[in-house]
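Q: Here it is: the structure, laid out below.
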Amino acid sequence: MTSPIIARFRLAYPGFELDVDMQIPGQGVTALFGQSGSGKTTALRCMAGLERGSRGYLEVDGEIWQDDNKGIFLPTHKRRLGYVFQESSLFPHLDIRRNLEYGRKRAQEAGVSLDQAVALLGIRHIMSRMPDRLSGGERQRVAIARALLVSPRLLLMDEPMASLDLGMKGEIMPYLEKLRDELGIPVVYVSHSPDEVATLADHMVLIEAGKVRASGPLFELMTRLDLPLAHGDSAEAVILANVAGHEIEHHLTVAVFAGGSLMLPYQDCEAGKTVRIRILARDVSLVLDQPERTSILNILPARVEAILEDGPGQLMVRLSMNGVPLLSRITVKSAKTLGIFHGSEVYAQIKSVALLK
Amino acid sequence: MKRALLSLLLLGATFSTASADEVQVAVAANFTAPMQKIAADFEKDTGHKAVLAFGATGQFYAQIRNGAPFEILLSADDKTPAKLEKEGLGVQGSSFTYAIGKLVLWSAKPGFVDSEGKVLGSGNFQHIALANPKVAPYGAAAIEALTKLGLYPALEPKVVQGENIAQTYQFIATGNADLGFVALSQIVKDGKGSSWIVPANLYPVIRQDAVILAPGKDKPAAQALMAYLKGDKAKAVIRSYGYDL
Amino acid sequence: MQPDLGAVRLTLELATVVTVLLLFIGTPIAWWLARTRSRLKSFIGAMVALPLVLPPTVLGFYLLLLMGPNGPIGNITQSLGLGILPFTFSGLVVASTLYSMPFVVQPLQNAFEAIGERPLEVAATLRAPPLDTFFSVALPLAKPGFITAAILGFAHTVGEFGVVLMIGGNIPDRTRVVSVEIYNHVEALEYAQAHWLAGGMLAFSFLVLFALYSFNPNRK
Chain S
321 MTSPIIARFR
331 LAYPGFELDV
341 DMQIPGQGVT
351 ALFGQSGSGK
361 TTALRCMAGL
371 ERGSRGYLEV
381 DGEIWQDDNK
391 GIFLPTHKRR
401 LGYVFQESSL
411 FPHLDIRRNL
421 EYGRKRAQEA
431 GVSLDQAVAL
441 LGIRHIMSRM
451 PDRLSGGERQ
461 RVAIARALLV
471 SPRLLLMDEP
481 MASLDLGMKG
491 EIMPYLEKLR
501 DELGIPVVYV
511 SHSPDEVATL
521 ADHMVLIEAG
531 KVRASGPLFE
541 LMTRLDLPLA
551 HGDSAEAVIL
561 ANVAGHEIEH
571 HLTVAVFAGG
581 SLMLPYQDCE
591 AGKTVRIRIL
601 ARDVSLVLDQ
611 PERTSILNIL
621 PARVEAILED
631 GPGQLMVRLS
641 MNGVPLLSRI
651 TVKSAKTLGI
661 FHGSEVYAQI
671 KSVALLK
Chain X
31 MKRALLSLLL
41 LGATFSTASA
51 DEVQVAVAAN
61 FTAPMQKIAA
71 DFEKDTGHKA
81 VLAFGATGQF
91 YAQIRNGAPF
101 EILLSADDKT
111 PAKLEKEGLG
121 VQGSSFTYAI
131 GKLVLWSAKP
141 GFVDSEGKVL
151 GSGNFQHIAL
161 ANPKVAPYGA
171 AAIEALTKLG
181 LYPALEPKVV
191 QGENIAQTYQ
201 FIATGNADLG
211 FVALSQIVKD
221 GKGSSWIVPA
231 NLYPVIRQDA
241 VILAPGKDKP
251 AAQALMAYLK
261 GDKAKAVIRS
271 YGYDL
Chain W
850 MQPDLGAVRL
860 TLELATVVTV
870 LLLFIGTPIA
880 WWLARTRSRL
890 KSFIGAMVAL
900 PLVLPPTVLG
910 FYLLLLMGPN
920 GPIGNITQSL
930 GLGILPFTFS
940 GLVVASTLYS
950 MPFVVQPLQN
960 AFEAIGERPL
970 EVAATLRAPP
980 LDTFFSVALP
990 LAKPGFITAA
1000 ILGFAHTVGE
1010 FGVVLMIGGN
1020 IPDRTRVVSV
1030 EIYNHVEALE
1040 YAQAHWLAGG
1050 MLAFSFLVLF
1060 ALYSFNPNRK
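Chains as they are written, first to last, in the working numbering: chain S, 321 to 677; chain X, 31 to 275; chain W, 850 to 1069.
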């Protein structure tokens, strides 16, 4: 599916109003990102038909699921979607196999097979157990498999890891990445965790107080200085790069992207594989001349695109490495000393890079 | 609230007149209306106050056996007072017949019951109500009358029983039973529907006896009420409610 | 003793019929009460709960009037050729059904409310239409509520007295149930027989409640 998902909803509760107009790519993972209470879950529920406001419109893969102006409203059970809830939502009276088959029997559409889903989520060994005998992570994997088995045209996930502790999150994440990479189903993923979003999302819709603040590709929104993500200690850039080769003797992997090449701690993967690389703004320093005798491995040419104050005596600098954005956090004093301003050509010294899991 | 006020007033009355006293009376439900009138007269004439409780004789018996503080029982039968006397719960020799019940065949529908009770023979009805003969003298009397008329076997399947004559009256008054046997005292004031007073020779006399109970033994007010019930004024009231004497 | 056995059999028969009937009638009412946001909810809820606070004689008295030959229900049953309901087993069934209604509806309603929205939403996202959801999710999850409701409805019907007294007519094998028979014995001063039945009733009621609490020890 490639045609975009168009979603417009308006919903008012006492003390809260949702008014969103979103265009979501028909492929990849789109994060609905915002603080608790911003309305992102409500927006997701509207897409599923679980909430109904006024003047809603939803188009998925060219099909109109809801158009309140024309009196069209498909009830939830007629929308070809999968939904993963925040907390475990398995039916307690059914074992895992019957939980999985609940939706599959009713959907009657060829698509994801039971074998495929079971293998993808690694749950074959627990098929005959009851839900209360499972760990939180296992339950959530079953819930995801169950949602996939209705062969959805759209997968909605409402903070599926929010109820899990850190270890369990680590257990689930690889399955979500596999899901993203192996199935061609567009996913809308609600989250308030920048880490999850950075790891999973391709696209992002930033929601604030019931409204869409910004929407666009992930690496773009994470580095826009007018948005809250590009501020503070945890500000970072995410770069998609391809593995070019390895320097086994130095235990390093080389990845290339439009802005140049980066050396990473060694990763056991084939050349050509796409990897996500995270670079924290506080790990990037700026120099005017290319340093020659330095311990830092990754030094790339960049141009200053924007500068904004970021706390007392600190500046956040957005750089462009041949079009690929990067953030650098420096002091006001350094900026003055070096004479850095909009349009300056600099070298970004990257102290550390991390591969996102 | 009213009751509280009343008892306050009564309290005042007790203190103001040295001789005035209260007497606790258990009254058979069928005698409710006449007894209210008599109690009012009694208080006016003697200054004593009769505190009345209405209910089923069988229940009163059970309560008296278990220490209920009644001082006089106006029973719906003569067996219970006799039994109480024998068991020492009633004062020996105090019981007497204060009223004789009259059985009546009654229907809420005007013209349904004829003046000779021939409707019973016609069988032209679905349900005939009477009080539970095991516990209610009027019920036993009704069975007796039907048996003497030779109609009981034929009518038995149509019989429905009320637990007492008040409930029997209710069955008939609401039309659920077409007709039935009740006490004349229940219908005499209202005069609705149609009725036949069952001749006294068809059933044993329904004696309603009064007895002084152990707690009322040496109480002047209890003696006074028993005497008052035997007086002409009370008798006139009792007759006006359809009882014989 | 023979009439007493008849009363016991009649009572069990009545309680069984009423319980089955109430589960069928009570389930949709309880479901509606648990899920609706209608303003009628308080009204219907109060109606269902009325027998909890009304003296049974009040209900019995009104039923006697309503089901009598001059009452609206009586008119309907008569025009259907069924005669009138008082003094019949059917009449007892109707009266007991009304009287035991809250004992069935309320546990069911609580059970349905305890399920919450989430499992029903989950079922909808798994393509289950509402009726399907009701049978495949709500009913199985409310099972403890059904067991409680059935036990309470049965026990309460067995123990019911006032309404039956008001509309039964004390007819052996048709409307003379155990509780009425006990009353008859007490009234007739047949205390020995009363003890048998009353003691049996006490034991029965205790066993029922004991079973209920052992079955569901976490009941709040």
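All C-beta atoms in this analysis are idealised placements derived from N, C-alpha and C, irrespective of residue type, glycine included.
A quick note: this is a predicted structure, and the numbers were derived from the prediction, not measured.
#1: Classify ILE925 (chain W): buried if its beta carbon has 16 or more other beta carbons within 10 angstroms, exposed otherwise.
#2: I need the boundaries of the alpha helix (DSSP H) containing THR87 (chain X), first residue and last residue.
#3: Relative to the C-alpha of LYS219 (chain X), which residue among X:SER270, X:PRO234, X:THR198 and X:PRO229 is closest?
#4: Taking the alpha carbon of ILE1000 (chain W) as the point to measure from, which residue in W:ARG858, W:THR865 and W:ASP853 has its own alpha carbon closest?
#5: For TRP226 (chain X), which beta-bridge partners are listed by DSSP?
#6: Quick one: which residues of the region 987 to 1004 of chain W get their C-beta closer than 7 Å to a C-beta of chain S? List them in chain order.
#7: Which residues in the same chain have their Cβ closer than 6 Å to the Cβ of LYS188 (chain X), if we skip the five residues on either side of it in sequence?
#8: If the cut is a Cβ gap below 7 Å, which residues of chain S does ALA977 (chain W) touch?
#9: For a contact defined as C-beta to C-beta under 8 Å, what are the partners of ASN919 (chain W) on chain X?
#10: Given a threshold of 16 other Cβ atoms within 10 Å of its Cβ, counted over all protein chains shown, does ALA668 (chain S) qualify as buried or as exposed?
#11: Under 8 Å between C-beta atoms, does ALA883 (chain W) make it to chain S?
#12: Out of X:TYR168, X:LYS249 and X:THR177, point me to the one whose CA is closest to VAL212 (chain X)'s CA.
#13: Alpha carbons only, please: which of X:ILE68, X:ASN96 and X:LEU209 is nearest the one belonging to VAL190 (chain X)?
#14: Quick one: is GLU193 (chain X) buried, meaning 16 or more other Cβ sit within 10 Å of its Cβ, or exposed?
#15: Could you say if the region 882 to 891 of chain W and the region 1029 to 1049 of chain W meet the contact criterion of at least three C-beta pairs nearer than 8 Å?
#16: Since I believe ARG596 (chain S) is in contact with LEU675 (chain S) (beta carbons under 8 Å), could you give me their beta-carbon distance rounded to a whole number of angstroms?
#17: Keeping to the same chain, check which residues put their C-beta closer than 7 Å to that of LYS32 (chain X); ignore five residues upstream and five downstream.
#18: Cutting at 6 Å between CB atoms, please list the residues of its own chain near ALA254 (chain X), excluding the five before and the five after it.
#19: Consult DSSP for MET1050 (chain W) and reduce its assignment to one of helix, strand or coil.
#20: Counting only runs that start and end within the region 921 to 1002 of chain W, where is the alpha helix (DSSP H) found for 4 or more residues in a row?
#21: Report the CB separation of VAL241 (chain X) from GLY120 (chain X) in whole angstroms; it is logged as a contact under 8 Å.
#22: Using a Cβ cut-off of 8 Å (strictly closer), state whether PHE1064 (chain W) contacts chain S.
#23: Classify HIS397 (chain S): buried if its beta carbon has 16 or more other beta carbons within 10 angstroms, exposed otherwise.
#24: Does the beta carbon of PRO904 (chain W) come closer than 8 Å to any beta carbon on chain S?
#25: Indicate whether the contact test is met: 3 or more Cβ pairs, each with one atom in the region 584 to 592 of chain S and one in the region 641 to 656 of chain S, closer than 8 Å.
#26: Check whether the Cβ atoms of ARG424 (chain S) and LEU434 (chain S) lie closer than 8 Å to each other.
#27: Check the Cβ of TYR403 (chain S) against every Cβ in chain W and list those closer than 7 Å, keeping chain order.
#28: Is it buried or exposed for PHE353 (chain S), if we count other Cβ within 10 angstroms and need 16 for buried?
#29: State the start and end residues of the unbroken beta strand (DSSP E) segment that holds TYR667 (chain S).
#30: Less than 8 Å between CB atoms is the rule here; does ILE1020 (chain W) satisfy it with respect to chain X?
#31: Straight-line CA distance for MET1015 (chain W) to GLN197 (chain X)?
#32: Would ALA264 (chain X) be called buried (16 or more neighbouring beta carbons within 10 Å of its own) or exposed?
#33: In chain A, what lies closer than 7 Å to PRO935 (chain W) by C-beta?
#34: Grouping DSSP H, G and I as helix and E and B as strand, with all else coil, what is GLY192 (chain X)?
#35: Look at the Cβ atom of VAL897 (chain W), then the Cβ atom of THR1006 (chain W), and state whether they are nearer than 8 Å.
#36: Can you pull the chain W neighbours of TYR422 (chain S), defined as C-beta to C-beta under 8 Å?
A: Result, derived from the coordinates:
#1: Mapped onto the third sequence, residue 925 (chain W) falls at position 76. It is exposed - the Cβ of ILE925 (chain W) has fewer than 16 other Cβ atoms within 10 Å.
#2: For this step, residue 87 (chain X) is matched to residue 57 along the second sequence. Residues 87 to 95.
#3: Counting from 1 along the second sequence, the entry for residue 219 (chain X) is found at position 189. Selected option, being the one with the closest Cα: X:SER270.
#4: In the third sequence, counting from the first residue as 1, residue 1000 (chain W) sits at position 151. The shortest Cα separation from ILE1000 (chain W) among W:ARG858, W:THR865 and W:ASP853 belongs to W:THR865.
#5: As a first step, residue 226 (chain X) must be located in the second sequence, where it is residue number 196. BP columns for TRP226 (chain X) point to X:LEU135.
#6: PRO989 and LEU990
#7: By one-based count along the second sequence, residue 188 (chain X) stands at place 158. Same-chain partners within the cutoff: HIS157 and ILE158.
#8: Walking along the third sequence from the start, residue 977 (chain W) turns up at place 128. Residues of chain S passing the Cβ test: HIS397 and ARG426.
#9: The count along the third sequence starts at 1 and reaches residue 919 (chain W) at position 70. The contacting residues are THR204 and GLY205.
#10: Along the first sequence, read from residue 1 onward, the residue named residue 668 (chain S) stands at position 348. Classification of ALA668 (chain S): buried, given that the 10 Å Cβ count is 16 or more.
#11: Counting from one through the third sequence, the residue named residue 883 (chain W) turns up at place 34. No, because no Cβ of chain S sits closer than 8 Å to the Cβ of ALA883 (chain W).
#12: In the second sequence, the residue the question calls residue 212 (chain X) occupies position 182. Closest by alpha carbon: X:TYR168.
#13: Within the second sequence, residue 190 (chain X) is the residue found at index 160, counting from 1. Checking every option, the nearest Cα to that of VAL190 (chain X) belongs to X:LEU209.
#14: Here residue 193 (chain X) refers to the residue found at position 163 of the second sequence. With 16 or more Cβ atoms within 10 Å of its Cβ, GLU193 (chain X) is classed as buried.
#15: no
#16: Residue numbering aside, residue 675 (chain S) sits at position 355 when the first sequence is read from its first letter. Residue numbering aside, residue 596 (chain S) sits at position 276 when the first sequence is read from its first letter. Contact holds; Cβ gap of about 7 Å.
#17: To locate residue 32 (chain X), count along the second sequence from 1; it is residue 2. Residue confidence is low: LYS32 (chain X) scores 48 on pLDDT, short of 50, so the model does not pin down where it sits. No coordinate-derived value is stated.
#18: The count along the second sequence starts at 1 and reaches residue 254 (chain X) at position 224. Result list for ALA254 (chain X): THR76 and HIS78, in chain order.
#19: Position 201 of the third sequence, counted from the first residue, corresponds to residue 1050 (chain W). DSSP places MET1050 (chain W) in helix when its eight states are reduced to three.
#20: 921 to 928, 938 to 964, 967 to 974 and 979 to 982
#21: For the purposes of this step, residue 241 (chain X) is taken as the residue at position 211 of the second sequence. For the purposes of this step, residue 120 (chain X) is taken as the residue at position 90 of the second sequence. Sure, about 4 Å apart at Cβ, within 8 Å.
#22: Mapped onto the third sequence, residue 1064 (chain W) falls at position 215. Not closer than 8 Å to any Cβ of chain S, the Cβ of PHE1064 (chain W) fails to qualify, so no.
#23: Position 77 of the first sequence holds residue 397 (chain S). Answer is buried; the Cβ neighbour count reaches 16.
#24: Here residue 904 (chain W) refers to the residue found at position 55 of the third sequence. It does not: the Cβ of PRO904 (chain W) has no partner Cβ on chain S nearer than 8 Å.
#25: With a cut-off of 8 Å, the region 641 to 656 of chain S and the region 584 to 592 of chain S do not count as touching, because too few Cβ pairs lie within range.
#26: The count along the first sequence starts at 1 and reaches residue 424 (chain S) at position 104. The count along the first sequence starts at 1 and reaches residue 434 (chain S) at position 114. Between ARG424 (chain S) and LEU434 (chain S), the CB-CB gap stays under 8 Å.
#27: Taking the first residue of the first sequence as 1, we reach residue 403 (chain S) at position 83. In chain order: THR974.
#28: Here the question's residue 353 (chain S) lines up with position 33 in the first sequence. When all chains shown are included, PHE353 (chain S) counts as buried.
#29: On the first sequence, position 347 is the one that residue 667 (chain S) refers to. 665 to 670 is the span of the beta strand (DSSP E), which, as asked, contains TYR667 (chain S).
#30: Indexing the third sequence from 1 puts residue 1020 (chain W) at position 171. Yes, contact with chain X.
#31: As a first step, residue 1015 (chain W) must be located in the third sequence, where it is residue number 166. As a first step, residue 197 (chain X) must be located in the second sequence, where it is residue number 167. If you take the alpha carbons of MET1015 (chain W) and GLN197 (chain X), they lie about 7 Å apart.
#32: If you number the second sequence from 1, residue 264 (chain X) lands on position 234. So ALA264 (chain X) ends up on the buried side.
#33: Judged by its chain identifiers, the structure shown contains no chain A, and its protein chains are S, X and W.
#34: The residue given as residue 192 (chain X) occupies position 162 in the second sequence. Strand at GLY192 (chain X).
#35: One-based indexing of the third sequence puts residue 897 (chain W) at position 48. One-based indexing of the third sequence puts residue 1006 (chain W) at position 157. If you check the CB distance, VAL897 (chain W) and THR1006 (chain W) do not come in under 8 Å.
#36: As a first step, residue 422 (chain S) must be located in the first sequence, where it is residue number 102. Neighbours of TYR422 (chain S) on chain W, chain order: ALA972, LEU975, ALA977 and SER985.
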